[in-house]
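In the working numbering, the protein residues as written are 158 to 291.
Even glycine gets a Cβ: it sits at the ideal position worked out from N, Cα and C.
Fair warning: this is a prediction, and the values are worked out from it, not measured in the lab.
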Amino acid sequence: WGSALSHIKPGTPFLVTTNTEMEGISDVQYLHERGWMDNIPPGIEDIIMGESGGNMKEEGKGCTSFFSENPYAGSRVRQSGTMANDLYVKNKWVFGGFFGKESATKPVSSKRKNEEKSNEDQNLPPLKKKHKVK
């Protein structure tokens, strides 16, 4: 994700939908730890930050992001193709906010750069440049 996210301008609004709450929380954590989200949405801050809690004094005050059930999700329950007893509803959870207003403009430390490189798929061939058709 790192190389794709680095091209998004700070302050760009975004919405992300996901099938499970756990996937959504993991996505928020990934974006926050790497500086792409300035704050963690109220309600899941204690899950991500642990029992010590976060830095929000009043829930929601000054927060520019949210995490909730998607009111526009369908009602069809689906069965996982990989785990027979796993049921889910597509796009059940949604989170959003403004993309890294402050922290996305800060340089990423070399430790984080190395983490991002190790997390990327190194097996993929490089993208080919598209040639303009005359």
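- Burial of HIS189 is indicated by the presence of at least 16 other C-beta atoms within 10 angstroms of its C-beta.
- Annotation: the continuous alpha helix (DSSP H) that includes SER183 extends over 178–190.
- In this structure LYS249 is buried. Its beta-carbon is surrounded by 16 or more other beta-carbon atoms within 10 angstroms.
- Straight-line spacing of the CA atoms in GLY231 and MET240 works out to 21 Å.
- Secondary structure at GLY159: helix, using DSSP grouped into helix, strand and coil.
- Note on geometry: alpha-carbon atoms of GLY238 and LYS247 lie some 13 Å from one another.
- Sixteen is the threshold: when 16 or more other Cβ atoms of the shown chains lie within 10 Å of the Cβ of SER222, as they do, the residue is buried.
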